[in-house]
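Chemist: Quick one: the structure is below, and I'll ask about it shortly.
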Amino acid sequence: MPEDQLGNGELSEQRRKFLLALGATGASAMAGCASGGGGGGGGGGEGGGGETDEDNGNGESTDSSDTTEDSGSSGDTVEYMGRTLDTSVTLQFMQPGAADEEWEFQKSIMEDFTEETGIEVKVTRMGTEDYKVQAGNYLGTSNAPDMYYMWPGPGRAGEFVASGYSQEIKKSGLLRDEVWSRLQPAGVGFQFENANPLKWRQGDQYYGLGVSSYAFPIWFNEVVLEEAGINPDDLRHRKDVTYEEFEGYLEQVTTQTDKAGIAMGNRRGGKLAYWGSPLMYKSVGVERHLETVFQRGDSKFTDDEYVEALSTLKDWWDKEYIIPDTLALSEHEGNGLFFQNQAAFISDGWWASGEYDSYADPEQLAGMGEEGGWDFMWMPYFPDKFEEGKTWRTGSPASGGWMVSETAEERGQTAEAMALFEHNLQDKYTSTRVKEFGDVPAHTDAEKFEFANDSTAQIAADLGSAAEVIPKTDLLFLPEASDAYYQNGQGLFSGDSVETVLEAVQTATEEAVAKYED
Amino acid sequence: MSTRNILQRIRERRSVRQQGNLFKQLRELSYLFPLSAFYLPFMVIPSVGLFVISLFSGSRLGNLQFVGFQNYISLVNGEILFQAIKHNLIYTAGNTILTVGGGLVIAVGIQASYKRLRKYLRFVYMLPFAMMTVGVAFIWRFMYHPRVGALNILLSEISQDFSDILWLGNGDIVMYSIIIVGVWQSIGFYTTIWMVGLLNIDETYYEAAKLDGASKYAQFRHITLPLLKPIGVFLLLVSLIGSLKLFAYVWAMTQGGPAYNSEVLVTLMFKLGFKQTNMGQAAAVGVILFLLILAITLVTTRVIGLDADYDSAG
C-alpha cells in the first residue's frame with residue numbers, strides 16, 4: 011500500500027479501520043436513539059402519555075404549570091391557619107389531571123390562598139397515568155413540590171412514605187387537631203407506623219389527609235335490566251345481594267337480551283381490581299386478607315379459598331357474562347358500552363357520572379339516580395362464608411389526599427405548606443366538591459353537605475355505616491403485587507389458570523414484603 | 038566518528054521522530070474530540086452508571102443498598118425476562134425482514150417505475166416516517182379497535198369471521214399486530230436509503246452486464262446486491278438496534294399486555310424502574326439489553342462485514 015500523508019500506509023489503514031469501527035458504533039448508537047428510524051425503538055419518554063385517568067374523573071394528558079398572582083413583599087409575614095407565614099416564599103403544588111371544571115375549581119382554591127396570604131403557589135398538573143409514574147421522579151429532585159396529591163393505601167401513598175417523600179403530620183403536631191378531627195376517617199388511608207407500608211392502619215403516624223372517600227359499587231343500567239325482565243328496584247342501593255343471586259341476574263341478562271352482563275375494559279387489567287378485590291376479601295375475611303397482603307401470617311394467595319374466590323371471575327368469563335373483548339378495551343371504553351346500553355353492570359367510582367357525560371345519549375339513558383337511568387348496588391357477598399360480608403364495602407375512607415414533602419422542610423417552608431394544606435381542606439371547598447362534582451366526603455359530619463344526587467348521598471351514608479371499607483388491589487396491594495395481579499390477571503381471559511395468576515401474585519407479594527421489612 | 042557518537046545521534050533522531058509521532062497521534066486523537074464530547078457524558082458514563090446501579094437495590098439514589106448480582110439472579114429466576122427477550126426477538130426478526138427486505142423491494146420497484154411517479158411514491162412511503170411514533174401508535178390502536186376499528190370493519194366486508202379479531206387483545210397475535218405498526222411507519226426510511234444506494238451504483242456495470250447477456254435477475258444478484266452491501270449492513274444494524282429498543286408502540290397500545298404477551302425489555306425496565314421503583318432490577322434489565330444489542334451487532338458485523346463485496350460483483 012503506498013505511503014500517505016500520515017506516514018506508514020499500513021498504520022494508516024489500521025487507524026482508518028479503527029476510526030471506521032468507532033464511528034460506526036457511535037452512529038449506530040445515535041441511530042438507535044432516533045425514534046422511528048430503527049423500527050420504532052423510541053425512547054422512554056415517548057410513551058409516557060397514557061389514557062385519561064381511571065380513578066379521578068376525566069383527566070387529561072396535559073402538563074402545564076400555572077402560576078397564580080404574585081403578592082406580598084420580601085420580609086413580610088402574615089397570620090393564617092394558626093401560623094405565621096413568610097409571604098416571600100413560593101410554594102409548589104402538584105396534582106394529577108381532573109375535568110376542566112374541577113381543575114378550574116382547584117386553581118381557584120390556590121388563588122384564594124394567594125389572596126389571603128400573599129404567598130405565590132406554582133401549580134403543576136399532569137395526566138393521571140403520567141402522574142402515577144412521574145410523581146416519584148419529581149419528588150426525588152430539587153424541583154419537588156412542597157405539597158402534592160397522592161392516592162391512599164400501601165400501594166400508592168405507602169411507597170412514597172417509605173421513600174421518605176412526605177412528612178408525618180399528626181404525631182408531629184404539624185396538622186392542627188381541629189382540622190384532623192373534622193376529617194375522619196380520611197386519615198386511615200395515610201396511616202403507616204414508622205413510615206412502613208407493611209404497617210398500614212397501625213401506629214399513630216399519619217402522612218396525609220384528604221376530603222373525599224372512595225366507593226366502588228356496582229352500577230346497573232336500568233334500560234338493559236328492564237329489557238332482561240329485571241326490576242331495577244330489586245337491586246337499588248342494596249347491600250345484601252349474594253353472589254349466587256348476582257350470577258342469576260347475569261344469566262338472565264345474557265340469555266334474555268343480546269347485551270353483555272358485565273362491561274369491563276381490561277386492556278391494562280384495571281377492572282380486575284374492582285371485581286377481584288371483593289371476591290377475595292369477602293371469601294377469606296378482611297382480617298385474613300390483610301394478613302395475606304402483608305404476609306403477616308401463614309395465609310397465602312395460593313390457598314384454596316383465594317383460588318375458589320378468583321375462580322368465580324373466570325367462571326363468569328367462561329359463561330360469557332363478561333364482554334368478549336375485555337382485553338382489547340380500556341376501562342373507559344368498557345364503561346362506554348354500559349352508558350350506550352350495551353351492558354348491564356360496571357363497577358367504578360362515583361366519578362362515573364363524568365363518563366356518562368362522554369358516552370351516553372341522555373335520550374337513550376337518563377342520568378344517575380333513582381329518577382334516572384342508572385343506579386348502584388353494593389358488591390355481593392358470600393353468606394355461607396362471612397354473613398357480615400354484606401357490611402363490608404369496597405372503597406377507601408380517603409379517596410386520595412394531599413401530602414407535604416420533605417423538600418418543604420429542606421426549604422424551610424413547612425409552615426407555609428401546612429397552611430396551604432389546611433386551606434385546601436376547608437369545608438367550604440368540600441361543599442362545592444360534593445354538590446358540584448359529586449364527591450363523597452370524608453367527614454365526621456358528612457350529612458351536613460348537600461349532595462349532587464340521592465345516589466351519592468346514599469353512598470356516603472352507606473360508607474359511614476360500613477363495618478369495614480377495604481381498598482381495591484391497586485391501592486391495597488404493594489406495587490409489585492398489584493402489577494403482578496393486573497398483568498397476570500389478564501391471563502384469566504386468555505386461558506391461564508387461576509392458580510397461575512395467584513402464584514405470580516404470591517411471589518410478587520413476598521418479594522415486595524421483603525423489600526419493606528425492617 | 039566513534040560508535041558512541043553514532044549511537045547517540047541515532048538515539049537523538051529516534052527521540053525527535055518519536056516526539057513527532059506522538060504529536061501526530063495526539064493531533065489525530067483530537068479529531069475524535071467532538072464525538073467524545075457527546076459520547077463520554079451521554080453514552081459511556083451512563084452505561085457504566087447503569088451497570089453500577091444494577092448491583093444495588095432501592096427505590097431512589099438516596100437509599101440504594103449493595104446486593105451484588107442479586108438483581109440479575111432474581112430476573113433470571115423469573116419468567117418475565119425471558120418472555121420479554123422472546124418478544125423482542127420476534128419483533129426484531131419480523132420488523133427487520135420486512136423493513137430491510139421490503140424496503141429494498143419497494144426501492145427497486147420505485148426505480149423501475151415511471152420517472153414522474155417516482156417522486157410521488159418516494160413521498161408517500163416517507164410520510165409515515167415523518168409522523169410521531171406515539172401518534173402512530175394511537176392511530177393504530179384505534180384502527181385495531183375490535184368494535185369500531187377500521188381493520189375489523191373492512192375485514193367484516195370479506196367475512197363475518199374476521200369482524201371480531203382482537204388484534205391487541207389476543208396474546209397469540211398481539212406481537213404481530215405491533216410488527217405491522219412498526220413496519221408501516223419505518224419502511225419508508227429504509228426504502229429511501231436503499232434508493233440512495235441504488236442511485237450510486239455506476240451504470241457502466243449494468244451496461245457491461247447487458248452486453249454480456251446477463252438477465253435482470255443476474256444483474257440484480259451479481260451487481261446490485263454486492264454493491265449495496267455496505268448500505269444493507271448499515272440498515273440491518275439500524276433496524277436490529279432500533280427493534281431491540283422497542284418501547285413506544287408497546288406502551289401506547291398494550292403496555293406489555295395482555296398477560297405479558299407483548300412485554301419487551303424496555304417496557305419491563307420502565308415498569309420496574311418507575312412503577313415499582315425497583316431501580317436496581319430496572320438497571321439490570323438495561324444492562325442485559327445493552328449486552329444483547331452489543332452481541333447482535335458484533336455478530337452481524339463479523340459475519341456479514343462492512344465492505345462492499347466487489348469479488349461477488351460482476
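Protein sequence lines correspond, in order, to chains A and B.
The opening position of the first sequence corresponds to residue 11 in this note's numbering, with each subsequent residue numbered one higher.
The opening position of the second sequence corresponds to residue 38 in this note's numbering, with each subsequent residue numbered one higher.
Backbone N, C-alpha and C fix where the C-beta goes; we use that ideal spot for every residue, glycine too.
Since the model is a prediction, treat every value here as computed from it, not as a measurement.
#1: For the alpha helix (DSSP H) containing F396 (chain A), name the first residue and the last one.
#2: Among the residues of its own chain, which have a CB less than 8 Å from the CB of N351 (chain A), if the five just before and after it don't count?
#3: So what does DSSP say about Y495 (chain A), is it helix, strand or coil?
#4: Considering only their Cβ atoms, is the gap separating S492 (chain A) from Y224 (chain A) smaller than 8 Å?
#5: Whose CA, out of B:I224, B:V336, B:K152, lies closest to the CA of Y162 (chain B)?
#6: Where does R93 (chain A) sit, in a helix, a strand or coil, going by DSSP?
#7: Could you work out which residues of chain A lie near L205 (chain B), taking near to mean beta carbons separated by less than 9 Å?
#8: Please report the distance separating the alpha-carbon of Y286 (chain B) from that of G474 (chain A).
#9: Would you say Y162 (chain B) lies against chain A (beta-carbon separation less than 8 Å)?
#10: What separation, rounded to the nearest whole angstrom, lies between the Cα atoms of G67 (chain A) and E365 (chain A)?
#11: Measure the C-alpha to C-alpha separation of L320 (chain A) and N153 (chain A) and round it to an integer number of angstroms.
#12: How many Å lie between T100 (chain A) and E521 (chain A) at the Cα?
#13: Between T97 (chain A) and D110 (chain A), which are expected to be in contact by the criterion C-beta below 8 Å, what is the C-beta distance as a whole number of angstroms?
#14: Quick one, which of B:F327, B:G146, B:F103 has its alpha-carbon nearest M80 (chain B)'s?
#15: Can you look up M168 (chain B) in the DSSP assignment and give me helix, strand or coil?
#16: At a CB-CB cut-off below 7 Å, which residues of chain A make contact with G208 (chain B)?
#17: Ends of the alpha helix (DSSP H) at G309 (chain A)?
#18: Applying the criterion that 16 or more other CB atoms from any shown protein chain within 10 Å of the CB defines a buried residue, is D367 (chain A) buried or exposed?
#19: Looking at the structure shown, is F103 (chain A) part of a helix, part of a strand, or coil, going by DSSP?
#20: What number of angstroms, rounded off, separates the C-alpha of Q212 (chain A) from the C-alpha of M104 (chain A)?
#21: Should P489 (chain A) be flagged as near chain B, meaning a C-beta pair shorter than 8 Å?
#22: Does the Cβ-Cβ distance between G424 (chain A) and G448 (chain A) come in under 8 Å?
#23: Please report the Cβ distance between L260 (chain A) and M387 (chain A), rounded to the nearest whole angstrom; I am assuming they are in contact, meaning their Cβ atoms lie under 8 Å.
#24: Tell me where the alpha helix (DSSP H) around T134 (chain A) begins and ends.
#25: Taking contact to mean at least 3 C-beta pairs separated by less than 8 Å, is the segment 383 to 402 of chain A in contact with the segment 136 to 145 of chain A?
#26: Please name the residue, chosen from A:V189, A:E297, A:D187, A:M290, that lies closest to W210 (chain A) on a Cα-to-Cα basis.
#27: By alpha-carbon positions, which one of A:D506, A:S507, A:T510, A:P207 ends up nearest to D305 (chain A)?
#28: Can you find the residues in the same chain that come closer than 6 Å, C-beta to C-beta, to F355 (chain A), ignoring five residues on each side of it along the sequence?
#29: Please list the partners that K498 (chain A) has in chain B, where partner means a Cβ-to-Cβ separation under 9 Å.
#30: Say whether chain C places a C-beta atom closer than 8 Å to the C-beta of E188 (chain A).
#31: Examine chain B for any beta-carbon lying closer than 8 Å to the beta-carbon of V143 (chain A), and answer yes or no.
#32: Determine the direct distance from the alpha carbon of G411 (chain A) to that of G399 (chain A), and round the result to whole angstroms.
#33: Over the uninterrupted alpha helix (DSSP H) stretch that includes W412 (chain A), give me the two end residues.
#34: Measure from the alpha carbon of Q107 (chain B) to the alpha carbon of each residue in B:I117, B:I325, B:S94, then state which is nearest.
#35: Under 9 Å Cβ-Cβ, which residues of chain A neighbour G269 (chain B)?
#36: Pairing CB atoms from the segment 226 to 235 of chain B with CB atoms from the segment 135 to 147 of chain B, are three or more of them under 8 Å?
Modeler: Working from what's here:
#1: Segment: none, F396 (chain A) is in no alpha helix (DSSP H) and carries neither H nor E.
#2: So the list reads N231, V233, V234, K269, Q374, L375, once near-sequence residues are dropped.
#3: Y495 (chain A): helix per DSSP, three-state reduction.
#4: Contact flag unset, no.
#5: Taking each of B:I224, B:V336, B:K152 in turn and checking the Cα distance to Y162 (chain B), the smallest one comes out for B:I224.
#6: Correct three-state label for R93 (chain A): strand.
#7: Here the neighbours are R277, L337, A338.
#8: C-alpha separation (whole angstroms): 44 Å.
#9: Interface criterion not met: the Cβ of Y162 (chain B) is under 8 Å from no Cβ in chain A.
#10: Low confidence applies to G67 (chain A): its pLDDT is 35, below 50, so where it sits in the model is not reliable, and the reading given next is rough at best. The alpha-carbon separation between G67 (chain A) and E365 (chain A) amounts to approximately 8 Å.
#11: For L320 (chain A) and N153 (chain A), the distance between alpha carbons rounds to 43 Å.
#12: Spanning the alpha carbons of T100 (chain A) and E521 (chain A) requires a straight line of approximately 41 Å.
#13: T97 (chain A) to D110 (chain A), Cβ: 30 Å. No contact.
#14: For M80 (chain B), the nearest C-alpha among the options comes from B:F327.
#15: Three-state DSSP puts M168 (chain B) in coil, outside helix and strand.
#16: Under the 7 Å cutoff, chain A gives S504.
#17: Just to set this straight, residue 309 (chain A) is Ser in the shown sequence, not Gly. Careful: S309 (chain A) lies outside any alpha helix (DSSP H) and carries neither H nor E.
#18: Looking at its Cβ environment, which holds fewer than 16 other Cβ atoms inside 10 Å, D367 (chain A) is exposed.
#19: DSSP places F103 (chain A) in strand when its eight states are reduced to three.
#20: CA-to-CA, the gap between Q212 (chain A) and M104 (chain A) works out to about 28 Å.
#21: Interface flag for P489 (chain A) against chain B is set, since a Cβ pair is found closer than 8 Å.
#22: Strictly speaking, residue 424 (chain A) in this sequence is Thr, with Gly absent from that position. Cβ atoms of T424 (chain A) and G448 (chain A): not closer than 8 Å.
#23: Wrong, their Cβ atoms sit about 13 Å apart, outside the cutoff.
#24: T134 (chain A) -> not in any alpha helix (DSSP H); beta strand (DSSP E) instead, spanning 130 to 136.
#25: As far as the Cβ criterion goes, the segment 383 to 402 of chain A does not touch the segment 136 to 145 of chain A, which means the pair count is below three.
#26: Closest option to W210 (chain A), Cα to Cα, is A:E297.
#27: Per the sequence shown, residue 305 (chain A) should be read as Gln rather than Asp. Among A:D506, A:S507, A:T510, A:P207, the Cα nearest to that of Q305 (chain A) belongs to A:P207.
#28: Excluding positions up to five away in sequence, the list reads I228, F230, I272.
#29: For the record, residue 498 (chain A) in the displayed sequence is Asn; it is not Lys. Against chain B, a Cβ distance below 9 Å from N498 (chain A) picks out A296, Y297.
#30: Absent from the structure: chain C. Protein chains present are A and B.
#31: At least one chain B Cβ lies under 8 Å of V143 (chain A).
#32: The C-alpha of G411 (chain A) is placed about 27 Å away from the C-alpha of G399 (chain A).
#33: Per DSSP, W412 (chain A) belongs to no alpha helix (DSSP H); it is in the beta strand (DSSP E), 411 to 414.
#34: Nearest to Q107 (chain B) by C-alpha distance, out of B:I117, B:I325, B:S94, is B:S94.
#35: The premise fails here: G269 (chain B) is roughly 14 Å from chain A at the closest Cβ pair, so nothing lies under 9 Å.
#36: Under the Cβ criterion (8 Å, minimum of three pairs), the segment 226 to 235 of chain B counts as touching the segment 135 to 147 of chain B.
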